[in-house]
Structures are given as C-alpha cells and as structure tokens.
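Single-structure report; data block below.
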Amino acid sequence: KMGFLKEFKEFAMKGNLVDIAVGFVMGAAFKEVVSSFTGGIVSPLIGLLFNADFNDLKYVITEGTPNDAGEIVGEIAVMY
67 KMGFLKEFKE FAMKGNLVDI AVGFVMGAAF KEVVSSFTGG IVSPLIGLLF NADFNDLKYV
127 ITEGTPNDAG EIVGEIAVMY
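Here's what the structure looks like:
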C-alpha cells in the first residue's frame, strides 16, 4: 500500500499531473471562447442570412398543454 502512494507521489512530482491539469483548464477556457464566438457572432450572421431565429430552437419530445393562463406546461424538449 505504501508503494502505491510513493509511486503516485513520484508521478505527480514529475510534472505529468501538472501538465494534465493545465491542459484541462486550457481546454475548458477554449470551449468557452468557441461557445461565445459561435453564439455571439456565427449564429446571428447565419440568422441574418437565412432569416432564422436560433433562440427558440428545440426538439420537442412530448407536446405540452396550455393551462388557464395560456402558458404551455408539461412539454418535454431538448434545447439546442
């Protein structure tokens, strides 16, 4: 059991674990940049070109029913 902890400590101190952590953080940050670029620039441009609105884009699995106030309740949908 102590051998495992010793080996793990040696592995972590080599820098491999730090490299993985840095790569993970950079990947998460890059994902946010791409999402912002797509949502803020690409989608509106495509919407302008094709006269489409992507804000209400969804795939409805189960239709909802209107309640007394006219709101749709019980709808199950996958939002894009």
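Each residue of the sequence shown is one higher than the one before, counting from 67 in our numbering. For glycine and all other residues, C-beta sits at the position ideal for the given N, C-alpha and C.
- In the structure shown, A95 adopts helical secondary structure according to DSSP, grouped into three states.
- The DSSP-derived three-state label of A135 is coil.
- DSSP places A87 in the helix class (H, G or I) of the three-state scheme.
- C-alpha of V144 to C-alpha of V99: approximately 23 Å in a straight line.
- Annotated three-state conformation of A78 is helix, per DSSP.
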